[in-house]
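Protein chains in written order, with our numbering: chain E, 1 to 232; chain S, 1001 to 1277. All C-beta atoms, glycine included, are put in the ideal place defined by N, C-alpha and C.
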Amino acid sequence: MSTFSSSFSTAVDLVLTANPELAEIVFLSLRVSLSAVLIATVIGMPLGALIAIRRFPGRATIATLLSSLMGLPPVVLGLIVYLLLSRAGPLGEYGLLFTPTAMVMAQTLLVLPIIAALTRQILADLHQHYDEQFRSFRLSGWKGIQTLLWEGRFSLLTALLAGFGRASAEVGAVMIVGGNINHVTRVMTTTIAMETSKGDFSLALALGIILILLVLSVNILVSLIQAMETET
Amino acid sequence: MTRNDFLEKYAIFLFVLITGSSNLQAESRFITIASTTSTENSGFYEYLLPRFASDFGVDVRVVAVGTGKAIKIAEKGDADVLLVHHKPSEEKFVTEGFGIERYDVMYNDFVIVGPNSDPAGVAGFNSVGNALQRIADSSSIFVSRGDDSGTHKKELSLWQAVGINILEHGGTWYRETGSGMGATLNVAAGMEGYAMTDRSTWLKFSNKANLKILVEGDPMLFNQYGVILVNPSLHSHIKAADGQFFIDWLISEPGQQLINQYRIEGQQAFFANAPIQ
């Protein structure tokens, strides 16, 4: 197929010539998705740990709710964030619609349930394992949560990767809240959607190849960290 | 680390993260315009807007969606200027108080594209009405935007003009994609169907496959673009001065000349027709 071969050569060309427009788009994609994963981690991991360890009424319901939210369609979430941030919406006064911040917010909300739900699962298993030791050391509350998060840190990296994968692959939400504005909110996925709609399939596919390589390199980095741990 | 210590550090960390990420916004002077995919996809804004920005130091950010959605964005106050192509909707926008005044900016035309095989036999028709009638009579596949865009509204009005109740045929030979012009042309190319498109999108479209222009030149296919400043008395944050300045530039002699000079594949894409100031 000629589209496939020409896409590969386009991708190679774009990377080798260090195309400045592409660099800008890649950089923004990484900034938005990594910020979203970072914020979602800071909120989601303690939240997941809390649900895994603490016993409180409604715990099972919250756990189920979190798991279901993992399947939320990005476009629905994008619409909700759009309505919140629109000038006519409750957060309209901050003028955040069509900015990278809006995209970070949408992706954070998208990634949060994934990280929280996976953290809960990982730590619940770990907690069973450590339960007796915790009791004998009288570890409880925040101290216990911190210990568990630390002990499970390498398994938790997988939760982080799942979140990053979801964020970087997502197009529906960032298209709505970002608006795909040239040089302002245009990221890899919205560019791919736009080039597809212009019928420039080989450029769209070339960008897709670069996106996959980016995600791949992040994954390789993380598996290297995990491998280093198993050696020590 | 006590619990309070931890919470405090956690809160500071969150704060730094969030303020850090809001710094992603460029602190430049800019206006936002809600506009159509046809102008964006044709490369027109990438040609025009950097000239405005370099001359006057105001960036113009374009959110390119269908005309219907662009109007909704402007009504909510999420854009300062509206530049779209459906005059009746634009006039309604002004009459209802959402916009200040509407100015003609430029025009081009719509064309009917279809497969080389031309099953309805409409190639070379001078009348778009007759062509649509033939497409309907032969139940040939017609791919419609179906997205409340300016092009979609225009297409619906053309079916109505020849007395065809097009919605009755939805899902049979009449297929509504609910997406943008390019995406709709991709579907038409895949299905070997007919479609109506603005000429600028067509010129720039790379996946023409078996499609070609079959009907053009009917005055009914005229495509007028208009520009409107969003009413700042409805939304206090509207950048009225910069927005009006952009509009004034667009309809001024230099702006109009730049519009006329834009070429796609050697062809003029838009024809300036703002009333002389």
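The Cβ neighbour count for S:HIS1235, taken over all protein chains shown within 10 Å, is at least 16; the residue is labelled buried. Nearest to E:ILE53 by alpha-carbon distance, out of E:LEU214, E:ARG166 and E:GLN146, is E:GLN146.
Within the segment 1181-1199 of chain S, the residues whose Cβ lies closer than 7 angstroms to any Cβ of chain E are, in chain order, GLY1182, ALA1183, LEU1185 and ASN1186. Nearest neighbour of S:MET1191 by Cα position, chosen from S:VAL1113, S:LYS1076 and S:VAL1143, turns out to be S:VAL1143. Between E:VAL15 and E:ALA206, the alpha-carbon positions lie close to 10 angstroms from each other.
Looking at the DSSP output, S:LYS1212 sits in a beta bridge with S:GLY1114.
At a cut-off of 7 angstroms between C-beta atoms, S:ASN1116 does not count as an interface residue with respect to chain E. Residues of chain S with a Cβ closer than 7 angstroms to the Cβ of E:ASP200 are, in chain order, SER1206.
Per DSSP, S:ARG1175 is one residue of the beta strand (DSSP E) stretching across 1174-1176. At a cut-off of 7 angstroms, the C-beta of E:VAL26 has no neighbouring C-beta in chain S.
With fewer than 16 other CB atoms across the displayed protein chains lying within 10 angstroms of its CB, E:VAL76 is exposed.
For the segment 145-179 of chain E, the set of residues with a beta-carbon nearer than 8 angstroms to any beta-carbon of chain S comprises GLN146 and GLY179, in chain order. One finds PHE98, GLY179, ILE181, ASN182, HIS183, VAL184 and THR185 in chain E with Cβ atoms closer than 9 angstroms to the Cβ of S:ARG1061, taken in chain order.
Straight through space, the alpha carbons of S:PHE1030 and E:MET228 are spaced by roughly 48 angstroms. Residues of the same chain with a CB within less than 8 angstroms of the CB of S:VAL1084, apart from the 5 flanking positions on each side, are ALA1034, SER1035, THR1036, THR1067, ALA1070, ILE1071, GLU1090, GLY1150, TYR1225 and GLY1226 in chain order. Ranked by how close their Cα comes to the Cα of E:LEU66, the residues E:TYR130, E:GLY165, E:THR119 and E:ASN182 have E:THR119 in first place. Scanning its chain for C-beta atoms nearer than 6 angstroms, with the 5 sequence neighbours on each side dropped, one finds around E:ALA124 the residues ALA52, in chain order. DSSP places S:MET1181 in the uninterrupted alpha helix (DSSP H) bounded by 1181-1191. Rounded to the nearest whole angstrom, the C-alpha separation of E:GLN121 and E:SER223 is 20 angstroms.
A Cβ-Cβ distance of about 5 angstroms is found for the pair S:SER1206 and E:ASP200, placing them in contact under the 8 angstroms criterion. Taking 7 angstroms as the cut-off between beta carbons, the residues of the segment 71-96 of chain E near chain S are SER86, ARG87, ALA88 and GLY95, in sequence order. The segment 1212-1273 of chain S is shown to contain whole alpha helix (DSSP H) runs of 4 or more residues at 1240-1250 and 1253-1261, in chain order. With respect to the 7 angstroms criterion, E:MET103 and E:VAL32 are classified as neighbours on the basis of their beta carbons. Among the residues facing chain E, S:GLY1077 is included, as its CB has a counterpart in that chain under 7 angstroms away. The CB of S:HIS1237 comes closer than 9 angstroms to the CB of ARG87, GLY92, GLU93 and GLY95 in chain E, given here in chain order. Under the Cβ criterion of 7 angstroms, S:ASN1041 is counted among the residues facing chain E. In the three-state scheme derived from DSSP, where H, G and I count as helix and E and B as strand, E:ILE209 is classed as helix.
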